[in-house]
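Residue numbers (the working numbering): 21 to 412.
Worksheet: one structure, shown below.
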């Protein structure tokens, strides 16, 4: 066979021929009608590195790339990533079949098959992460009420409430979660069910309801020490179940997962604020109007007075009538008699100024001793040790 153009004699940077003339040699048999062939070589003005373009590849190659397009168009969410890996697996399977059966390239087949196995492993990992995690009804309510609004995953919450970090306890009515000046503030409790009351020197302060922390103020205020004691008593008003964490376990969990630390710190701060507002509702005047302890004038009067005057003392000074009792308000038609009694007992009624007094639930420093709670607990048969509830 002879070539009718001097392709091999082209010099460097010399333009290649556009016509190729092929004719049979002396020792070849060739049909007379096809004795001379002429092939037009496409000019290389656009792609000088390609002498000619091949025909499109097999349909398997095209389908594999379509799968890649669909996979890479997915979103960045968990389900979107799962969608992407599934399409990549299908595309790599088609590529492997194309390499094995069509082009017969073992290296191309090996690489694509290895990539397919990696994507299969990723799919199983994502399915494990998004698997449904269920809790007991009490923990489910806590998760929906407190932690789900902060986008805390179920796996993270499951780790929080696992036996490695937390325990579930029960309290019968009358049992104490904490005793004033006796119990150490080395844990954090979260009420799951029931109701607890907070007492100070036998005086009721406020209740604690489900999905509220039992001792968030004490936990936050004693962060730098382990020897602080409760300044109040927390007693179960009904049968209760609560979840609690030891401080050391929580600190370790915070180091391992900073997002859990951020969420739980925020919830503790919000719970403390709620308790402060509950106490703020108890600050009232003698006429029954509520005051706000955040106001500068109220804050200065609280700090300058040195101590609260108990409602028991005011009751004694008013002749046995509580300042907020209906009997006192019924005497509004006798202003001279009401204010006269107050003046005789050393309470000025000048200009009828409202005087800030706590409600009867606030602790009294006049008539109660510091050992009242301890003596009451010793004589009560309802105060027993807490019962540990099985995880079942």
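Think of the CB as a built atom: it goes at the ideal place given N, C-alpha and C, for glycine as much as any other residue.
Hey, residue i and residue j are a contact pair by Cβ (cut 8 Å); roughly how many whole angstroms apart?
i: residue 190; j: residue 87; result: Not quite, the Cβ-Cβ distance comes to about 56 Å (not below 8 Å), so this is no contact.
i: residue 234; j: residue 210; result: 7 Å
i: residue 193; j: residue 253; result: Between residue 253 and residue 193 the Cβ distance is about 15 Å, and since that is not below 8 Å, they are no contact.
i: residue 264; j: residue 187; result: 6 Å
i: residue 202; j: residue 255; result: Rounded, the Cβ-Cβ distance is 13 Å, inconsistent with contact.
i: residue 96; j: residue 161; result: Rounded, the Cβ-Cβ distance is 31 Å, inconsistent with contact.
i: residue 176; j: residue 280; result: 6 Å
i: residue 179; j: residue 153; result: Going by Cβ atoms, the distance from residue 179 to residue 153 rounds to 10 Å, so no, they are not a contact pair.
i: residue 198; j: residue 155; result: Wrong, their Cβ atoms sit about 26 Å apart, outside the cutoff.
Quick one: residues in its chain with C-beta nearer than 8 Å to the C-beta of residue i, no 5 flanking neighbours on either side, listed in chain order?
i: residue 247; result: 204
i: residue 7; result: Summary: the structure shown does not reach residue 7, with the chain confined to residues 21 through 412, and so no result is reported for it.
i: residue 288; result: 208, 233, 236, 239 and 240
i: residue 109; result: 136, 139, 140 and 143
i: residue 227; result: 215, 216, 217, 218 and 257
i: residue 102; result: 143, 146, 147 and 150
i: residue 104; result: 91, 92 and 94
i: residue 274; result: 280, 281 and 284
Specify, as a first and last residue, the run of the alpha helix (DSSP H) that residue i falls within.
i: residue 2; result: Any property of residue 2 remains undetermined from this structure, which presents the chain solely from 21 to 412.
i: residue 87; result: 79-92
i: residue 241; result: 236-241
Quick one: grab the DSSP three-state call for residue i.
i: residue 226; result: strand
i: residue 149; result: helix
i: residue 392; result: Below a pLDDT of 50, predicted positions are generally treated as unreliable, and residue 392, at 49, falls in that range; no measurement from the model is reported.
i: residue 180; result: helix
i: residue 262; result: strand
i: residue 351; result: Note on residue 351: pLDDT 43, under 50, position unreliable in the model; the coordinate value appears next. Residue 351 falls in the helix class under three-state DSSP.
i: residue 249; result: strand
i: residue 288; result: helix
i: residue 172; result: coil
i: residue 165; result: helix
Can you tell me where the beta strand (DSSP E) with residue i in it begins and where it stops?
i: residue 218; result: 216-220
i: residue 255; result: 253-256
i: residue 272; result: Note, residue 272: premise wrong, no beta strand (DSSP E); alpha helix (DSSP H) at 267-276.
i: residue 100; result: Not the beta strand (DSSP E): residue 100 falls in the alpha helix (DSSP H), residues 98-121.
i: residue 159; result: Segment 157-162 is the alpha helix (DSSP H) holding residue 159; no beta strand (DSSP E) there.
i: residue 204; result: Element bounds for residue 204: n/a, residue is neither H nor E.
i: residue 5; result: No answer is possible for residue 5: the residues shown for the chain start at 21 and end at 412.
Among residues of its own chain, excluding the 5 on either side of residue i, which ones have a beta-carbon nearer than 6 Å to its beta-carbon?
i: residue 269; result: 185
i: residue 112; result: 132, 135 and 136
i: residue 170; result: 283
Identify, in the order they occur along the chain, each residue of the same chain with its Cβ nearer than 7 Å to the Cβ of residue i, setting aside the five sequence neighbours on each side.
i: residue 242; result: 205 and 248
i: residue 150; result: 98
i: residue 118; result: 78, 80, 81 and 84
i: residue 181; result: 159 and 263
i: residue 122; result: 78 and 80
i: residue 125; result: 119
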